[in-house]
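K.L.:
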Amino acid sequence: MGLTGPDPVLAAHSDAGSGRRRLAAWDRPLASADGNCHHEVLRLASAACIWQPAIDAGTAAEDIVTGALDEVGMTQGGNPFWKRRRLANLLREHRQRSGLNLEEAASALYCSPTKISRLETGQRPANPRDVRDLCVLYRVADAQREEMMALAVAGRQPGWWEAYEVPEIQGRYLGLEAEAGSIRDYKSSMVSGLLQTEDYAYAVTAGYFLPVDPLVVRRLTDARMQRQQIIFGRSPLPRMHFLLDEAVLHRRVGTAEVMAGQLGHMVEVAAFPEATIQVVPFSAGAHAGMETTFAILDFADKEAASIVHVEDVFGDIQLERPHEIERSAQVFDRVAAVALDAEQSIDLLLAMQARYQETVGEDG
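Counting from 4, one number per residue, gives the positions in the sequence shown under my numbering.
(1) Anyone know if the C-beta pair for T296 and K190 falls short of 7 Å?
(2) What three-state label does DSSP hand V311 in the structure shown?
(3) Apart from the five residues just before and just after D350, which ones in its own chain have a Cβ nearer than 7 Å to its Cβ?
(4) Between the beta-carbon of M243 and the beta-carbon of E294, is there less than 7 Å?
(5) Hey, could you find the ends of the beta strand (DSSP E) M293 is sitting in?
(6) What's the C-alpha gap between I299 and R337?
(7) Tell me whether the beta-carbon of G292 lies closer than 7 Å to the beta-carbon of V334.
(8) By the three-class DSSP mapping on this structure, what secondary structure does D216 have?
(9) Pick helix, strand or coil for V283, following the three-state DSSP scheme.
(10) Quick one: grab the DSSP three-state call for R242.
(11) Starting from S185 and walking both ways along the beta strand (DSSP E), at which residues does that stretch end?
(12) Identify whether D248 lies in helix, strand or coil by the three-state DSSP scheme.
(13) If I measure Cβ to Cβ from L353 and keep anything under 8 Å in the same chain, skipping five residues before and after, which residues do I get?
(14) Starting from L112, trace the alpha helix (DSSP H) in both directions and tell me its first and last residue.
(15) For H321, list the residues DSSP reports as bridge partners.
(16) Since V215 contacts A206 with CB under 8 Å, what's their CB separation in whole angstroms?
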């Protein structure tokens, strides 16, 4: 499978709609003495990071790159943030096993402790050369070193969301969400992005922009639909628990027809064994989640720490400290405790859908 082949996610957003994508930065054609075109490819087969020419040209070179990325479950247009996070955990783990602190590791690499710290948080893509040097310093075994080098390469690839110009922190969340084994989402003012119909998503997105830029709204709406395809296309599906305030059902976003379709869609999603939808009724009164909206991601990989994503009009934030995760889980559980149960929530969704259907066509 070559790097220039069609990609179901990015095809519509590639160069001038042609379906072509640029070759990776480490796959560049070189003229050779025998007149044949070779490709210089980052080979990960050895413990060290070295450049070697592939045999002959084109397909062979691309297969080497694709094969290396496939080893860590990553190809172009995939999920770089998850790979960066995995690599960051491994770097921190091996440094601690080696008995070195941040200052000692930095001194050995002639860099600042801040750089080592950043590599261990995974916020930025790691340079494969730095990863190679750290693996040598930490005396990482060959097999693990090869995996870490592949993760470094994969972590520098574009995520699918970049084609939609999604802000970086939201892109990071989308990348992690796609790997989550459990998604707990609480919304107090609008339907969760994973539950939104296309019409509702377009209407709610348009509400953020004054004046409305149809191109931006369309692009971000398409990104939200792509996000849903990724999550609901997984097998098995992640466990999903959605909490939403009753006010969300009453706030008309778009037309009555849009709202009727949105509520009907949530009823359909609630039929999935992996999905639970609960509505927090007005009768619940004051509760723990009144002033916030957030999502909690948990991962099947026990070495991967949970994260909390908090949405705010002034900018989203992500929390990863254990006490932040614990506090957020407590709030979620307290809100769920005062919400209607799943069956009662579906009944309310259906009742509200019927009310909207009665007024379809009466929108001003």
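Even for Gly, the Cβ is constructed at its ideal location relative to N, Cα and C.
P.N.:
A quick look at the data gives this:
(1) yes
(2) strand
(3) none
(4) no
(5) Segment: none, M293 is in no beta strand (DSSP E) and carries neither H nor E.
(6) 14 Å
(7) yes
(8) coil
(9) strand
(10) strand
(11) 185-190
(12) strand
(13) L266, V270
(14) 105-112
(15) It is worth fixing the name first, because residue 321 is Gln in this sequence and not His. Its beta-bridge partners are H312.
(16) So it is not a contact: roughly 11 Å between Cβ atoms.
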